[in-house]
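A short worksheet on the structure shown next.
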Amino acid sequence: MPFSFAEFVSGYKMNTSDNTFGKSRIEVCTDYLTYGGFPEVLNLLNAGKTNDISNYLSSVYTAILEKDIMKRNKIRSKFDFENLAKFMFDSIGNIVSPNNIANTMTSAGNKINKETVDNYLSHLIGSFVFYYAQRYDIKGKKLLQTLGKFHAVDLGFLSVVFNRNSQFNAGHNLENIVFLELLRRGNRVSTGKADSAEIDFVVQSPQGTTEYIQVAWTAKEGSTFEREMRPFEIVKDFNKHILLTANVEPVTIYKGIQKINVIDWLLDY
Numbered sequence: 003m004p005f006s007f008a009e010f011v012s013g014y015k016m017n018t019s020d021n022t023f024g025k026s027r028i029e030v031c032t033d034y035l036t037y038g039g040f041p042e043v044l045n046l047l048n049a050g051k052t053n054d055i056s057n058y059l060s061s062v063y064t065a066i067l068e069k070d071i072m073k074r075n076k077i078r079s080k081f082d083f084e085n086l087a088k089f090m091f092d093s094i095g096n097i098v099s100p101n102n103i104a105n106t107m108t109s110a111g112n113k114i115n116k117e118t119v120d121n122y123l124s125h126l127i128g129s130f131v132f133y134y135a136q137r138y139d140i141k142g143k144k145l146l147q148t149l150g151k152f153h154a155v156d157l158g159f160l161s162v163v164f165n166r167n168s169q170f171n172a173g174h175n176l177e178n179i180v181f182l183e184l185l186r187r188g189n190r191v192s193t194g195k196a197d198s199a200e201i202d203f204v205v206q207s208p209q210g211t212t213e214y215i216q217v218a219w220t221a222k223e224g225s226t227f228e229r230e231m232r233p234f235e236i237v238k239d240f241n242k243h244i245l246l247t248a249n250v251e252p253v254t255i256y257k258g259i260q261k262i263n264v265i266d267w268l269l270d271y
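Mapping of the sequence shown onto the numbering used here: residues 3 to 271, in sequence order.
In structure tokens, the structure reads:
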């Protein structure tokens with residue numbers, strides 16, 4: 003994997019006399035969300051060469067798709083494969099299946115079948131471009147075979163694929179970062195189903211404990227807060243319930259649910 007947020011912060015150039023960031027923590031986090039965590043990206047940021055980052059990431063992304071995947075696996079249709087990869091980056095944080103991916107792409111004019119989608123997804127996962135979170139039925143206590151989530155190895159690729167700032171969906175991008183951090187910490191991570199509600203992550207630690215985690219860029223608005231809390235209210239057990247958000251300081255408790263600032267959580271390891 004590229005750098006975690008804590009590693010990114012530790013290498014971020016300090017530029018004030020008291021050894022603190024010239025930027026605020028949220029600005030450093032925004033740089034990580036926007037440019038990703040490849041070591042060379044951090045070098046370019048520290049050198050003030052942000053205009054060179056897009057070309058660098060484009061070269062890495064092209065090399066992975068064309069050399070590591072398409073050439074090695076003898077993929078015949080570059081058009082179909084690149085479109086699928088683009089579709090997956092656009093679906094970060096959404097529940098998808100090979101069948102609905104094929105149907106959606108076909109209805110948009112790119113005819114492709116489920117078997118080809120399955121094959122292409124296996125190559126993208128095998129090359130660590132995406133990681134898959136299987137869906138877990140919390141009440142039934144079983145893993146489900148369909149409708150999981152895919153998370154990208156690095157958010158910097160979004161600017162390459164879409165030629166735009168990756169902040170266009172800050173909530174899903176933040177969820178992506180949390181998912182990768184949970185993996186780095188040795189957890190088994192699924193996306194949770196509780197009746198008709200969804201919990202972002204069901205986390206089973208190496209020590210055998212379970213946590214439920216919701217991620218939101220902001221939960222200040224009442225409707226957003228209620229939406230994030232609703233799945234927790236359905237799952238009434240003694241496992242830890244955590245809401246990670248960019249606008250909570252300090253740690254607070256609400257009906258047994260811990261609300262934690264996500265930057266504190268990312269750095270606390």
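Think of the CB as a built atom: it goes at the ideal place given N, C-alpha and C, for glycine as much as any other residue.
Per the coordinates, the alpha-carbon of Ser129 lies some 18 Å from the alpha-carbon of Arg78. Counting only unbroken stretches of 4 or more residues, the alpha helix (DSSP H) elements lying wholly within the stretch 166-228 are 172-186, in sequence order. Annotation: the continuous alpha helix (DSSP H) that includes Phe7 extends over 7-13. Straight across, the Cα-Cα distance linking Asp92 with Cys31 is about 21 Å. Checking the DSSP bridge columns, you'll see Thr254 partnered with Lys261. Here Gln206 is near Asn189, since their CB atoms are less than 9 Å apart. Take Tyr34, set aside five residues on each side of it, and the residues of its chain with a beta-carbon closer than 6 Å to its own are Phe7, Phe10, in chain order. The residue among Lys25, Asn57, Asp139 with its C-alpha nearest the C-alpha of Ser198 is Asp139.
Val163 has its alpha-carbon roughly 6 Å from the corresponding atom of Lys88. The Cβ neighbour count for Pro41, taken over all protein chains shown within 10 Å, is under 16; the residue is labelled exposed. About 15 Å separates the Cβ atoms of Asp239 and Gln216, ruling out a contact at the 8 Å cut-off.
Rounded to whole angstroms, Asn101 and Phe234 show a C-alpha spacing of 30 Å.
Per DSSP, the unbroken alpha helix (DSSP H) holding Leu46 starts and ends at 41-48.
For Arg74, no alpha helix (DSSP H) segment is defined, and its DSSP state is neither H nor E. By the neighbour-count definition (other C-beta atoms within 10 Å, threshold 16), Tyr122 is a buried residue.
The Cβ atoms of Val131 and Val155 sit closer than 9 Å to each other.
DSSP places Gly158 in the helix class (H, G or I) of the three-state scheme. Annotation for Leu59: the continuous alpha helix (DSSP H) segment containing it runs 55-65.
In the structure shown, the three-state DSSP call for Ala248 is coil.
Asp70 carries a helical assignment under DSSP once its states are collapsed to helix, strand and coil. By the neighbour-count definition (other C-beta atoms within 10 Å, threshold 16), Met3 is an exposed residue.
Ranked by how close their Cα comes to the Cα of Lys143, the residues Val98, Lys151, Ser192, Gly111 have Ser192 in first place. Counting the other CB atoms within 10 Å of its CB gives Thr247 a total of 16 or more, which places it among the buried residues. According to DSSP, residue pairing for Phe152 in a beta bridge involves Tyr134. If the five residues before and after Trp267 are omitted, its C-beta is found closer than 7 Å to the C-beta atoms of Leu246, all from its own chain and listed in chain order. Contact annotation, Tyr58 with Val43: C-beta distance approximately 7 Å; criterion of less than 8 Å satisfied. Here His243 is near Ile259, since their CB atoms are less than 9 Å apart.
Taking all protein chains shown into account, Ile127 has fewer than 16 neighbouring C-beta atoms within 10 Å of its C-beta and is therefore exposed.
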